[in-house]
Amino acid sequence: MTPQLSVQNIRAGFGGLLALDDVSITVRKGERVGLIGTNGAGKSTLFSVISGYVPAQSGQVCFEDVNITGMGVQRRVNLGLARTFQVPREFDQLSVLDNMMAAAPGQRGERLGSLFFSPGSVRRQEAEIEARARDLLGFLNLAKVAEVPAGALSGGQKKLLELGRLLMIKPGFIMLDEPFAGVNPVLVDELSRRIVDLNDQGITVLIIEHNLQALSDLVPRMYIMDRGKVLNEGTPDRVLSDERVREAYMGGAV
Ligand SMILES: Nc1ncnc2c1ncn2[C@@H]1O[C@H](COP(=O)(O)OP(=O)(O)OP(=O)(O)O)[C@@H](O)[C@H]1O
1 MTPQLSVQNI RAGFGGLLAL DDVSITVRKG ERVGLIGTNG AGKSTLFSVI SGYVPAQSGQ
61 VCFEDVNITG MGVQRRVNLG LARTFQVPRE FDQLSVLDNM MAAAPGQRGE RLGSLFFSPG
121 SVRRQEAEIE ARARDLLGFL NLAKVAEVPA GALSGGQKKL LELGRLLMIK PGFIMLDEPF
181 AGVNPVLVDE LSRRIVDLND QGITVLIIEH NLQALSDLVP RMYIMDRGKV LNEGTPDRVL
241 SDERVREAYM GGAV
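Here it is in structure tokens:
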């Protein structure tokens, strides 16, 4: 079976800096895969290349048998490939519910003509979007803060909201960038459970995370990157016990 995501021999960088040097990874449909590495290893840049924010200088990215290497961000999202960012990008002044609704793609009410010519269908669509948003808020245990301005949420709740906003686009493959950063341990467990639930529903998950304990509990397979290259791949036990990995990651303190 061909992988759902196949990243082959990617080189990418910024000006003279080569952030990704011949990087290849594959992810099968329905997998949960981790991506670890020291600061500056190139993990977020790899997410940016996969999601279309940073162009590849060479190499190829294929998603569900489509070569998406030169495709724009929105077209990749339309294929069901979506990412979160390390810093959640919610609108602080808007309520949690409105933040969720604003993340829904292709809303007809945004086109002025639709408001005049088919106001009924715009209302129906809004009602559907609100129902989906409320469903997801329930799933993420955020229903009680639906009307609260997003800026008032805790760090962990913001991460849950960010995940919720991602789910509004009904993705088949999600890339989570440090979902546990700044999240208290209770919410780390909750987030982990929600990620497993989503994966059980068939959503493939690729996760960058520095919390190695929480990540090892969550994923059966991980990649480690170091200075723009993939160093190793396999079960968390195998990857974290590799001598080169111990050296590269925390100077042997893994
Ligand atoms: N927008 C940018 N402009 C210039 N250089 C960048 C940019 N983004 C990343 N870099 C550089 O590219 C390299 C890889 O950075 P990247 O953010 O991908 O690493 P990372 O593994 O995600 O690190 P961290 O764990 O700290 O988030 C680093 O040297 C970084 O300074």
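In terms of the UniProt record's numbering, the sequence shown is residues 1 to 254.
Idealized CB from N, CA, C, for every residue including glycine.
Keep in mind that this is a model prediction, so the values were computed, not measured.
- A residue is called buried once 16 or more other Cβ atoms fall within 10 Å of its Cβ, and residue 165 is buried on that count.
- At a cut-off of 7 Å, the beta-carbon of residue 17 counts as near ligand 1: some heavy atom of the ligand is closer than that.
- The residues 1, 3, 4 and 204, in chain order, have a CB closer than 8 Å to that of residue 28 in the same chain once the five nearest residues on each side in sequence are set aside.
- Annotated as distal: residue 82 and residue 207, with beta-carbon spacing of 8 Å or more.
- Membership of residue 231 in any alpha helix (DSSP H) is not indicated; the residue belongs instead to the beta strand (DSSP E) covering 229–234.
- Between residue 179 and residue 84, the beta carbon gap of about 7 Å places them in contact (Cβ cut-off 8 Å).
- Of 200, 230 and 184, the smallest CA-CA separation from residue 19 is found for 230.
- In this structure, ligand 1 has no non-hydrogen atom nearer than 7 Å to the beta-carbon of residue 232.
- If you look at residue 63, you'll find it in the beta strand (DSSP E) that goes 58–63.
- Under DSSP, residue 223 shares a beta bridge with 35 and 233.
- Beta-carbon to beta-carbon, residue 241 and residue 214 are separated by about 18 Å, too far to satisfy the 8 Å threshold.
- Just measuring C-alpha positions, the residue of 35, 42 and 132 sitting nearest residue 10 is 42.
- Within the model, the alpha-carbon separation for residue 186 versus residue 57 is close to 41 Å.
- Relative to the non-hydrogen atoms of ligand 1, the Cβ of residue 211 never comes closer than 7 Å to any of them.
- In terms of CA proximity to residue 64, 77 leads the group 54, 53, 55 and 77.
- If you draw a straight line from the Cα of residue 234 to the Cα of residue 73, it is about 29 Å long.
- In the structure shown, the three-state DSSP call for residue 139 is helix.
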